[in-house]
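**Q** Everything in the sequence shown is counted per our numbering, starting at 48 for the first residue and increasing by one. The C-beta atom is built at its ideal place from N, Cα and C for all residues, glycine as well. What you are looking at is a predicted structure, and each value in this text was computed from that prediction instead of being measured.
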Amino acid sequence: MSTSIPESSVTAARRTLTGLTVVLGLLTLGLGIAVLVWPHVTLTVLAVLIAIQFFGFGIVQIIRAFADVEASGGARTLVGVSGALAILLAFLVLRSPLQTVVIIALLIGAWWVFRGVLDIVEGASGSVANRGLTIVLGVISVVAGAFVLLQPELSLEVFVIVVGVWMVLYGIIIVITPIVLSRMR
Numbered sequence: 048m049s050t051s052i053p054e055s056s057v058t059a060a061r062r063t064l065t066g067l068t069v070v071l072g073l074l075t076l077g078l079g080i081a082v083l084v085w086p087h088v089t090l091t092v093l094a095v096l097i098a099i100q101f102f103g104f105g106i107v108q109i110i111r112a113f114a115d116v117e118a119s120g121g122a123r124t125l126v127g128v129s130g131a132l133a134i135l136l137a138f139l140v141l142r143s144p145l146q147t148v149v150i151i152a153l154l155i156g157a158w159w160v161f162r163g164v165l166d167i168v169e170g171a172s173g174s175v176a177n178r179g180l181t182i183v184l185g186v187i188s189v190v191a192g193a194f195v196l197l198q199p200e201l202s203l204e205v206f207v208i209v210v211g212v213w214m215v216l217y218g219i220i221i222v223i224t225p226i227v228l229s230r231m232r
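(1) If we count the other Cβ atoms within 10 Å of its Cβ and call it buried at 16 or more, is Met-48 buried or exposed?
(2) So what does DSSP say about Ala-137, is it helix, strand or coil?
(3) If you measure between the beta carbons of Val-186 and Ile-167, is that distance less than 8 angstroms?
(4) What is the residue span of the alpha helix (DSSP H) that Gly-192 lies within?
(5) If Arg-22 sits next to Gly-170, beta carbons under 8 angstroms apart, how far is it from one beta carbon to the other, in whole angstroms?
(6) Is the beta carbon of Val-222 sitting closer than 8 angstroms to the one on Leu-73?
(7) CA-CA distance, Leu-64 and Ser-129?
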């Protein structure tokens, strides 16, 4: 006995996910712009801004894991784990925000590489409609993460610029993706 999900439920879930994705993208874009406009912000404020972005990302990913009824169980599990790890990372950043830039940079760089690889895998195995954007998002994250991991002794100003640019690019792509997908349907 097979149960099918009504089309109206799928459409409602898709709209909810699109709305949450756009909100996350705008939050990320806004935080990225704020980081670039005020590059001399203290490490504590930067850590809190980054933690807010990780909390938002984690919450959206966990909701997405439950709400994306069209995704496979494995994909939903990866999305959920990704969200849980983002929330964990946010708590770790907030636990001691005055830790050295190197430690915070390494945590964030490792996260970007991890998330970027997941985005590349998702894009490579995803639908034709969002494949390119997801892969580009993944490559941006891997490159930014690798840069931070390979140069952990960066000064605060350079690190802030790298974080700000990544957040702006990531936010723009997150906002554009559902718009492009909705026009392709």
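**A** Once the coordinates are examined:
(1) The predicted model places Met-48 with a pLDDT of 48, which falls under 50 and marks its position as unreliable; any figure quoted below should be read in that light. Exposed: under 16 other Cβ atoms inside 10 Å.
(2) helix
(3) yes
(4) 178-197
(5) There is simply no residue 22 to check, as the chain begins at 48 and stops at 232 in what is shown.
(6) yes
(7) 16 angstroms
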